[in-house]
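For the sequence shown, position 271 (counting from the first letter as 1) is numbered 280 according to the working numbering, and the numbering increases by one without interruption.
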Amino acid sequence: MKVWYLIIALFLISINLRPAITSVAPLLDTIQQDLGMSGTTAGLLTTLPVLCMGIFAPLATKISGRVGLERGLFYSLLLITIATALRGFFGTVPLLIVTAFLAGVGIGVAGPLVSGFIKQYFPTKPGVVGVYTVSMAIGAASATGLSAPIYQAAGNWEPALAIWALLGVAAMVVWIRFPGKKKADLPEKSALPWGSGRAWLILVFFGLMSSIFYSVTAWGAPIIQSMGYNSVVAGSMLTAFVLIQIPSSFIIPSLVAKYGYVFPTLIGCTVIELGGIFLLISGGHPLIAMLLIGLGAGGLFPLALMLPIIETNTYQEASAWAAMSQGGGYVISALGPLGVGAVYDFTGSYTVALYGMAAIIVTMGVIQIVLWITARHVTLKK
């Protein structure tokens, strides 16, 4: 297939990997009041998909080995689309929980397969991961920013959640053209690298990195409000945190793919993110702090996705490494927002939680240094 078609296919599947989660957040209070949901149940709508992304990511290698990489991605996309569309027909608590679960399964399986897709079709261009991450950022930002206006226009929250299934339909039109493979043509699947110390380091790094991202996403606005700003201002600063990741998640991996220095860049992004956290702790301007955290996160996420690609030799191995790092990593990351909430409940302040986040970021940096020192064959290790 032509390169432009592959890029479009990558863009369309990637843009579908976040709206099922992020479209819920701006409408959560409305949904909770309308359905009489408890706070714990409401929290499941955003926490459950992330947990499923971790628990079901290891299935990616089995699915790819049985139906092929491309068909595995198509079926994952189909599951996400169906789960999202169902929200427009039945506005009940059980259905919302079931669709959150199904969407999480689809996203969890698709993530490692996308890494394999990049390894297979762009083996010498790991910077293409920038298309992957910027597409996810666009999907996340669109769902976060437009769900509330759609709700206001429609007068109901169900269409505001279900409308994102249209992105899935558009993607399936493109992905249906990828031919299926005969059983004899399917490659042998690679086992997850449980015995590799580097794979474990990447898993822990991915988990810590994602836990910071989801903690800031969930608690950034309340933290800013605790500094004396109103909800509108706090929301706009959280939007800035999301938007700054769009250019940084494309530019940073592209530069790394061109010039190298993957591990120094990882450490640099970590220092920038840490600076934003300490700015919040010291009472500095939260907009600058959120921009720094977003800039760091925007570089860390695509580089974390790039590591399994550049550490391996085949797309089967890349999918296996990505399945392991994302599987364990997303389970770890789901604990981040819960931990911030628990610390706040115990102390009545976000300061201790922010110091905890700073400690996590420092630990993340130590892991990056160890990966850098022990690198052997990584092509972008300059």
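Positions of the beta carbon are idealized from the N, C-alpha and C atoms, including for glycine.
What do you get for residue 203, buried or exposed, if any count of 16 or more other CB atoms within 10 angstroms of its CB means buried?
exposed
For residue 66, three-class secondary structure by DSSP
coil
Which residue from 321, 339, 260, 150 puts its Cα closest to that of residue 247?
150
Expressed to the nearest angstrom, what Euclidean distance is found between the alpha-carbon atoms of residue 309 and residue 280?
11 Å
Rounded to a whole number of angstroms, what is the C-alpha to C-alpha distance between residue 411 and residue 272?
No answer is possible for residue 411: the residues shown for the chain start at 10 and end at 391.
Residue 26 vs residue 119 beta-carbon contact at 8 Å:
yes
Counting only the same chain and skipping the five closest in sequence on each side, list residues whose C-beta sits under 6 Å from that of residue 301.
281, 284, 285
Residue 298 and residue 317 look like a contact to me (Cβ under 8 Å); what is the Cβ gap, rounded to whole Å?
31 Å between Cβ atoms; not a contact.
Mind checking residue 96: buried by the 16 CB within 10 Å criterion, or exposed?
buried
Secondary structure, alpha helix (DSSP H): runs of 4+ residues fully inside the region 142-202:
166-171, 174-184
Is residue 368 buried or exposed, if buried means 16 or more other CB atoms sit within 10 Å of its CB?
exposed
Is residue 170 near residue 33, with beta carbons less than 8 Å apart?
yes
According to the neighbour-count rule (16 or more other Cβ atoms, all chains shown, within 10 Å of its Cβ), is residue 256 buried or exposed?
exposed
Cα-Cα separation, residue 193 to residue 75
Note on residue 193: pLDDT 45, under 50, position unreliable in the model; no value is reported.
Are the CB atoms of residue 328 and residue 142 within a distance shorter than 8 Å?
no
Evaluate the contact criterion for the region 152-171 versus the region 57-69: three or more CB pairs, one atom per stretch, below 8 Å.
no
Residue of 82, 227, 249, 349 minimising C-alpha distance to residue 177:
82
Excluding the five sequence neighbours on either side, which residues of its own chain have a C-beta within less than 6 Å of the C-beta of residue 112, listed in chain order?
29, 58, 89, 92
Grouping DSSP H, G and I as helix and E and B as strand, with all else coil, what is residue 99?
coil
How would you write the range of the alpha helix (DSSP H) that residue 300 sits in, first residue to last?
295-320
Considering only C-alpha positions, which residue in the set 37, 17, 380, 80 is nearest to residue 213?
380
From residue 277 to residue 187, what does the alpha carbon distance come to, in whole angstroms?
39 Å
Using the Cβ count rule (16 or more neighbours within 10 Å means buried), how would you classify residue 11?
exposed
Contact set for residue 153: own chain, Cβ-Cβ below 7 Å, skip 5 residues either direction:
31, 34, 35, 251
Taking Cβ positions, are residue 352 and residue 340 nearer each other than 8 Å?
no
Can you tell me the Cβ-Cβ gap for residue 86 and residue 180, rounded? I've got them flagged as a contact below 8 Å.
6 Å
So what does DSSP say about residue 271, is it helix, strand or coil?
helix
Report yes if the CB atom of residue 126 is closer than 8 Å to the CB atom of residue 78, and no otherwise.
yes
Could you tell me the alpha carbon to alpha carbon distance between residue 241 and residue 359, rounded to whole angstroms?
20 Å
As assigned by DSSP and simplified to three states, the class of residue 382:
helix
Return helix, strand or coil for residue 40, following the three-state DSSP convention.
helix
Simplified DSSP state of residue 11, which is helix, strand or coil:
coil
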